[in-house]
Amino acid sequence: MEITESTIQSDRRIKRPSGPLEPDLLKLGNTLVTKFHVLMRISQIYDSKNVALDQFIKESLQTINTLIEKEGSFSLKIVKDDLFLNDQRLPYSVEGFTSFKYLLTQWKKRFIGEVIFNGPTDEGMLREFIYALINLEEGREENATLFSEQLANLGIFMIEVNPLEVFEEEEGAVTLQKEDQQEVGKKVFFETVGTIKEVITNIKAKQYADVRKLKRLAQKAVHLVMADESILLGMTTIKNYDEYTFNHSVNVSIYSMAMGKRLGFFKKTLTELGITALLHDIGKSKIPREILNKPGALDDEEWRLMKKHPLVGVEIVLNLKQLGEINPRMVIGVFDHHLKSDLSGYPKLFKKKEVSLFGRIIQIADSYDAMTTPRIYKKTPYSPEQALAIMLRERVVHFDPVLLKIFIGLVGIYPIGSLVLLNTHELGIVYKPNPDPEFMDRPIVILVARTEKGDVKKEVVDLTENDGKGHFKRSIVKTLDPYQYHIDIAKYFL
Ligand SMILES: [Fe+2]
Ligand SMILES: [Fe+2]
Numbered sequence: 013m014e015i016t017e018s019t020i021q022s023d024r025r026i027k028r029p030s031g032p033l034e035p036d037l038l039k040l041g042n043t044l045v046t047k048f049h050v051l052m053r054i055s056q057i058y059d060s061k062n063v064a065l066d067q068f069i070k071e072s073l074q075t076i077n078t079l080i081e082k083e084g085s086f087s088l089k090i091v092k093d094d095l096f097l098n099d100q101r102l103p104y105s106v107e108g109f110t111s112f113k114y115l116l117t118q119w120k121k122r123f124i125g126e127v128i129f130n131g132p133t134d135e136g137m138l139r140e141f142i143y144a145l146i147n148l149e150e151g152r153e154e155n156a157t158l159f160s161e162q163l164a165n166l167g168i169f170m171i172e173v174n175p176l177e178v179f180e181e182e183e184g185a186v187t188l189q190k191e192d193q194q195e196v197g198k199k200v201f202f203e204t205v206g207t208i209k210e211v212i213t214n215i216k217a218k219q220y221a222d223v224r225k226l227k228r229l230a231q232k233a234v235h236l237v238m239a240d241e242s243i244l245l246g247m248t249t250i251k252n253y254d255e256y257t258f259n260h261s262v263n264v265s266i267y268s269m270a271m272g273k274r275l276g277f278f279k280k281t282l283t284e285l286g287i288t289a290l291l292h293d294i295g296k297s298k299i300p301r302e303i304l305n306k307p308g309a310l311d312d313e314e315w316r317l318m319k320k321h322p323l324v325g326v327e328i329v330l331n332l333k334q335l336g337e338i339n340p341r342m343v344i345g346v347f348d349h350h351l352k353s354d355l356s357g358y359p360k361l362f363k364k365k366e367v368s369l370f371g372r373i374i375q376i377a378d379s380y381d382a383m384t385t386p387r388i389y390k391k392t393p394y395s396p397e398q399a400l401a402i403m404l405r406e407r408v409v410h411f412d413p414v415l416l417k418i419f420i421g422l423v424g425i426y427p428i429g430s431l432v433l434l435n436t437h438e439l440g441i442v443y444k445p446n447p448d449p450e451f452m453d454r455p456i457v458i459l460v461a462r463t464e465k466g467d468v469k470k471e472v473v474d475l476t477e478n479d480g481k482g483h484f485k486r487s488i489v490k491t492l493d494p495y496q497y498h499i500d501i502a503k504y505f506l
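This is the structure we're talking about:
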């Protein structure tokens with residue numbers, strides 16, 4: 013029998029289906045969040061009669077009424093740190109992240125948890141609704157009731173609001189506004205993916221790219237990696253198929269920085285390494301999309317172009333506007349990232365040289381991330397431990413063996429994000445390696461389970477935990493393929 017997430021979690025009734033949203037609906041949901049974000053922002057600048065609002069109101073209405081046409085009515089609801097459109101979770105997206113964050117924070121501050129549109133809405137209603145919402149006093153728990161009364165007084169019955177649901181483990185909604193490190197991690201991750209996208213788009217359009225923003229983000233990431241590397245390492249499990257280039261650059265940067273930390277790099281060097289890794293494939297921005305996304309094998313000419321990307325990358329980096337932010341170590345790192353230890357990689361060299369330290373670090377991070385991510389020409393990627401096994405086999409010719417050892421120490425012998433079967437018949441996702449090297453085979457895992465509402469439940473267990481009778485409570489039996497079990501690993505790290 014095929015085991016799926018829902019068959020493992022006993023017979024509990026799931027009220028909230030969490031299957032994928034229909035692509036159309038997902039797009040509309042994301043647009044809706046962005047529109048609300050813009051409207052709330054603008055309404056804080058202009059008064060409700062201002063014509064500057066007209067266009068935005070019209071555009072938002074279009075989205076709202078399209079949703080009404082499709083669904084009859086719709087609800088946008090906050091559940092913990094997620095937004096649900098008609099009981100389906102809207103996944104975070106790179107473009108939508110800022111709007112998501114804004115809406116969550118602003119609604120939570122006002123104790124508003126759900127907005128329901130029960131039918132077609134017009135300009136007047138939407139205007140009143142937005143201004144009433146933005147004018148609610150922050151921190152007042154009875155806001156939803158007051159808001160409903162206000163709407164009723166205005167004769168608006170199409171729009172309904174409900175209070176924010178506060179979950180037991182949270183001490184009131186207000187504390188939610190305090191961003192914890194996990195939240196900062198998410199923000200830094202998505203912002204960096206977005207910024208890399210911007211940089212690549214600018215370079216494609218032959219415009220200058222701004223690296224100062226990348227630097228600021230790399231500094232934040234260094235700070236996080238120093239505090240707790242597992243936060244950002246967890247984010248690398250987000251394997252975004254469509255956004256490969258951007259996610260890949262960020263992942264390689266996270267792995268590289270975490271390795272640099274273990275090598276005892278100073279913060280400044282770590283930041284430089286982080287930026288270099290972010291830019292390592294920047295040369296690919298000059299390679300035609302058809303070649304990058306070609307489902308089959310590349311022909312000779314295509315390979316010739318592909319192999320140019322490290323050198324083209326160097327050229328791009330040297331042409332950056334803020335060249336002052338770039339030093340030779342970084343340029344060489346970009347040049348070296350496909351050389352391999354025995355120099356069998358590319359570009360071909362006239363004279364033998366040693367692969368630079370930045371280059372050697374990035375090579376390991378790059379290979380691992382590339383192997384574990386689904387690509388158009390390899391839809392089912394290698395599992396984390398398969399990838400490590402291949403890299404270990406090739407270590408002498410391709411990688412720096414000492415650095416590879418550090419990398420394995422970092423992701424663990426059961427790498428972060430691996431799906432494992434435990435002797436208790438539970439499924440676990442490896443969260444981080446055990447800090448005690450003696451227990452390399454006993455990582456910290458998240459048990460795969462869901463709450464009654466169908467949300468991902470994050471129960472973190474340490475596999476060194478004892479049952480009191482001298483036995484381990486749980487042990488790993490074997491690793492499993494998450495694709496076969498339809499488990500979205502990244503969800504457990506968000
Ligand atoms: Fe590359
Ligand atoms: Fe790469």
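Under the numbering used here, think of the first position of the sequence shown as 13, with each following residue one higher. We put the beta carbon where it would ideally sit given N, CA and C, even for glycine.
With fewer than 16 other Cβ atoms inside 10 Å of its own Cβ, L361 counts as exposed. Under the three-state reduction of DSSP output, I425 falls in the coil class, being neither helix nor strand.
Looking from the CA of L433, the closest CA among A377, K82, I488 and Q231 belongs to I488. Relative to the non-hydrogen atoms of ligand 1, the Cβ of H483 never comes closer than 8 Å to any of them. Inter-residue distance for V473 and L335 is about 47 Å (C-alpha atoms, whole angstroms). Of the candidates K320, K363 and I373, I373 places its Cα closest to the Cα of M342. Here the distance from the Cβ of P322 to the nearest heavy atom of ligand 1 is below 8 Å. Nearest in C-alpha terms to N446, of all of V460, K469, T476 and E406, is T476. Contact annotation: the region 59-78 touches the region 33-46, with at least three C-beta pairs closer than 8 Å.
In the DSSP assignment, G125 falls within the unbroken beta strand (DSSP E) covering I124 to F129.
In this structure, L65 is the residue among L65, D59 and Y58 with its C-alpha nearest to the C-alpha of K47. In this structure, the CA atom of I458 is about 35 Å from the CA atom of E150.
Measuring C-alpha to C-alpha distances from E471 to each of N155, R122, I441 and V223 identifies I441 as the nearest. If you ignore the 5 residues before and after K333, its C-beta comes within less than 6 Å of the C-beta of Y220, all in its own chain and listed in chain order. Look at I418 here: in three-state DSSP terms it is helix.
With the criterion CB distance below 5 Å from any heavy atom of ligand 2, the matching residues run D293 and D378 along the chain.
Taken through DSSP and simplified to helix, strand or coil, Q100 comes out as strand.
When distances are taken from the beta-carbon of K298 to the heavy atoms of ligand 1, even the shortest one reaches 8 Å or more. Residue ranges of uninterrupted alpha helix (DSSP H) with 4 or more members, entirely inside the region 335-364 and ordered along the chain, are 340-348. H410 has its CB no nearer than 8 Å to any heavy atom of ligand 1. For H437, the shortest C-beta to heavy atom distance toward ligand 1 is 8 Å or greater.
Straight across, the Cα-Cα distance linking S356 with F505 is about 37 Å. Between D93 and V264, the gap from beta carbon to beta carbon reaches 9 Å or more. DSSP places E302 in the uninterrupted alpha helix (DSSP H) bounded by R301 to L304. DSSP lists K470 as the beta-bridge partner residues of V460. For E314 and P359, the gap between their C-alpha atoms comes out near 15 Å. When rounded, the separation of the alpha-carbon atoms in L431 and P396 is 9 Å. Note on N62: under 16 other CB atoms within 10 angstroms of its CB, so exposed under the neighbour-count rule.
The beta carbons of I208 and V262 sit closer together than 9 Å.
Between I171 and L163, the CB-CB gap stays under 9 Å.
Rounded to the nearest whole angstrom, the C-alpha separation of L275 and L369 is 11 Å. Fewer than three pairs of CB atoms, one per stretch, sit closer than 8 Å, so the region 404-424 makes no contact with the region 212-229. Distance from the CA atom of K503 to the CA atom of T213, rounded to whole angstroms, is 28 Å.
Under DSSP, I441 forms a beta bridge with L431 and I458. In the three-state reduction of the DSSP assignment, R387 falls in the strand class. Boundaries for N478: no beta strand (DSSP E) harbours it, and the DSSP string shows neither H nor E there.
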